[in-house]
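Here our numbering is used: the first residue of the sequence shown is 2, the next is one more, and so on.
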Amino acid sequence: MSGIEEFLEELAALTAKHGILIEGCGCCCSPYLERTGADHKNLPIRFGLTYVPKTGRYALDAE
Ligand SMILES: [Zn+2]
């Protein structure tokens with residue numbers, strides 16, 4: 002599990018900086034983005050978060 006704690010620490014800093022967090026769907030665990038402070042009645046802001054190895058970047062479903 003090497004590096005995971007450090008990754009989560011930096012991810013938390015990124016969430017604090019941008020006010021955006023990564024959440025997972027309760028049924029299939031698919032990741033999506035949500036604004037911090039949003040309660041569970043709020044809708045996610047963007048679905049379909051995917052890492053693309055070829056580009057080394059993250060992609061989202063089209064809006
Ligand atoms: Zn699901």
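The C-beta atom is built at its ideal place from N, Cα and C for all residues, glycine as well.
Looking at the unbroken beta strand (DSSP E) that takes in L12, where does it start and where does it end?
One-based indexing of the sequence shown puts residue 12 at position 11. Unbroken run through L12 is the alpha helix (DSSP H), I5 to H19; no beta strand (DSSP E).
Buried or exposed: L12, going by 16 or more other Cβ atoms within 10 Å of its Cβ?
Sequence index remark: in the sequence shown, residue 12 carries index 11 (1-based). With fewer than 16 other Cβ atoms within 10 Å, it is exposed.
Pairs of beta-carbons, one from the region 3-10 and one from the region 21-39, closer than 8 Å: are there three or more?
Taking 8 Å as the limit for Cβ pairs, the verdict is that the region 21-39 does not touch the region 3-10.
Got a sec, what are the start and stop residues for the beta strand (DSSP E) L50 sits in?
As a first step, residue 50 is located in the sequence shown; it is residue number 49 there, counting from the start. L50 -> no beta strand (DSSP E), and no H or E assigned at all.
As a quick exercise: from K18, P54 and C30, pick the residue whose alpha carbon is nearest that of T37.
Within the sequence shown, numbered from 1, the residue matching residue 37 stands at position 36. Considering only alpha carbons, the answer is K18.
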